[in-house]
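Numbering (the numbering used here), first residue to last: 2 to 390.
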Ligand SMILES: Cc1cc2nc3c(=O)[nH]c(=O)nc-3n(C[C@H](O)[C@H](O)[C@H](O)COP(=O)(O)OP(=O)(O)OC[C@H]3O[C@@H](n4cnc5c(N)ncnc54)[C@H](O)[C@@H]3O)c2cc1C
């Protein structure tokens, strides 16, 4: 696979933390999900049983997985740990974890599935992460500085551990220092590596020359959690969790959409395509050719001269995957290609490809979605599996 489409560099960003030190230009990217993992050594394998100092990474998961920002934060910890001796990287995951995070360098993993980011319960989360911190006494704590809960929780942690040094929105990090923007982003402030680090996105490379052992550890509960679980004494929280509100996909800006179906020159029947988007409740995107043809308005165009999207799933239908289009989807987590040409560049970028005629596949998907909506979750999973086989 060629990675040309992923090789763009933000000229304004500072140095990126990599396993070989801080680099101004990092052209490599993490392997795609469908790529065979290269055999890499386990970084800390000999020493894992010994009593070791640890770096703790705390992050919420998103539907059982870590997003790129969270993976970069675990990798940043692994890079720091690798520069010293006898340091273990412990990842504390708030929410479900259904993937192995050894590839981003985690040595030990503690999962607290009850703390999904969908529930706003900062007091309880803080009590539980504090219990872990007291037990592990980590030399550093890293969290992704994001908007899905970790940035907020990290600031609460900093306030609660006020005797410890801390830095937020850290854009550059190595074992000696951290750097954050200041003066409204016009300058960069450097500091000795603080104890608590809230890391900005893209500050560390996840492509490591080693993996962690990612052994799952028993959960450490705070007394508050135990009390709550036993219903003996409810802690009084000043917050009320009103839950997440789902809004219709057409009300979501394309840049913020979680699921996008995108049409290219290979989509001849726009009506079928729009029915599929409706069935999936997905936002609509398009290639430049499809927009130039007048099939979609200009605000739907994705790519170098259109929008850059960050959907967790991007379904490209009848799109060849020209480099200008791929630039716009480089941050999408899962890409599914529907194309009749097995050798189209989008197929190399995709995590899953369905080779065949777009119209027939869109029809089959619409039927499968309608059927799945009338089935149980398990039956629906079987139906999708049979369709994709
Ligand atoms: C400066 C510049 C900026 C650009 N900016 C952008 C941009 O922002 N966004 C963008 O998208 N492009 C951009 N382009 C254009 C880009 O280079 C490509 O021309 C464009 O992305 C191709 O669109 P496409 O994949 O839809 O069409 P095509 O290249 O025509 O590909 C169509 C694909 O559909 C498949 N197909 C055809 N029929 C079927 C069928 N019945 N069933 C299944 N598959 C089928 C084909 O196998 C093919 O892979 C830019 C170009 C330049 C020079």
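Glycine included, C-beta positions come from ideal geometry on N, C-alpha and C.
Query, Result
"Collapsed DSSP secondary structure at residue 281 in the structure displayed", "helix"
"Coil, strand or helix - residue 74 by DSSP", "helix"
"Straight-line Cα distance separating residue 161 from residue 433", "In the structure as shown, the chain starts at 2 and stops at 390, and residue 433 therefore has no counterpart that could be examined."
"Sequence-distant residues of its chain with Cβ nearer than 8 Å to residue 69 (five each side left out)", "31, 202, 207, 332, 334"
"Cβ-heavy atom distance, residue 262 to ligand 1, below 6 Å", "no"
"Host beta strand (DSSP E) of residue 218 (start-end)", "216-218"
"Exposed unless 16 or more other CB atoms sit within 10 angstroms - verdict on residue 126", "buried"
"Rounded distance between the beta-carbons of residue 95 and residue 60, thought under 8 Å", "7 Å"
"Pairwise C-alpha distance: residue 336 and residue 216", "29 Å"
"Helix, strand or coil at residue 16 according to DSSP, with G and I counted as helix", "coil"
"Chain-ordered list of residues that sit, by beta carbon, closer than 5 Å to a heavy atom of ligand 1", "265, 266, 267, 288, 289, 290, 304, 305, 306, 307, 319, 320, 321, 323, 325, 326, 340, 341, 342, 345, 358, 359"
"Limits of the unbroken beta strand (DSSP E) element including residue 24", "22-24"
"Burial state of residue 252, where buried means 16 or more other Cβ atoms lie within 10 Å", "exposed"
"Residues that DSSP places opposite residue 262 in a beta bridge", "285, 316"
"Residues of its chain near residue 290, where Cβ-Cβ distance is below 7 Å and the 5 sequence neighbours each way are ignored", "265, 266"
"Three-way DSSP call (helix, strand, coil) for residue 239 in this model", "coil"
"Integer-rounded CB distance, given that residue 174 should sit under 8 Å from residue 57", "Their Cβ separation, rounded to whole angstroms, is 15 Å, which puts residue 57 and residue 174 out of contact at 8 Å."
"C-beta atoms of residue 284 and residue 303 nearer than 7 Å", "no"
"Boundaries of the beta strand (DSSP E) in which residue 95 is found, first to last residue", "88-95"
"Any beta strand (DSSP E) of 3 or more consecutive residues that is wholly inside the stretch 150-212", "167-171, 178-183, 188-193, 197-200"
"Whole-number beta carbon distance between residue 107 and residue 213, since they are thought to touch under 8 Å", "4 Å"
"Residues near residue 356 in its chain [Cβ-Cβ closer than 7 Å; skip 5 each side]", "340, 341, 343"
"Three-way DSSP call (helix, strand, coil) for residue 81 in this model", "helix"
"Exposure of residue 241, with buried meaning 16 or more beta-carbon neighbours within 10 Å", "exposed"
"Local conformation of residue 374 per DSSP, three classes", "helix"
"Beta carbon of residue 338 nearer than 7 Å to that of residue 354", "yes"
"Three-state class that DSSP yields for residue 140 in the structure shown", "coil"
"For residue 269, three-class secondary structure by DSSP", "coil"
"Buried versus exposed call for residue 163 [16 or more other C-beta atoms within 10 Å across all chains shown]", "exposed"
"Where residue 246 falls, given that 16 or more other Cβ within 10 Å makes a residue buried", "exposed"
"Nearest residue (CA-CA) to residue 79, options 115, 123, 112, 142", "142"
"Straight-line gap, residue 310 to residue 297 (C-alpha atoms, nearest Å)", "17 Å"
"Per DSSP, the bridge partner or partners of residue 63", "66"
"When 315, 219, 154 are compared against residue 128, the one with the closest alpha-carbon", "154"
"Three-state class that DSSP yields for residue 104 in the structure shown", "helix"
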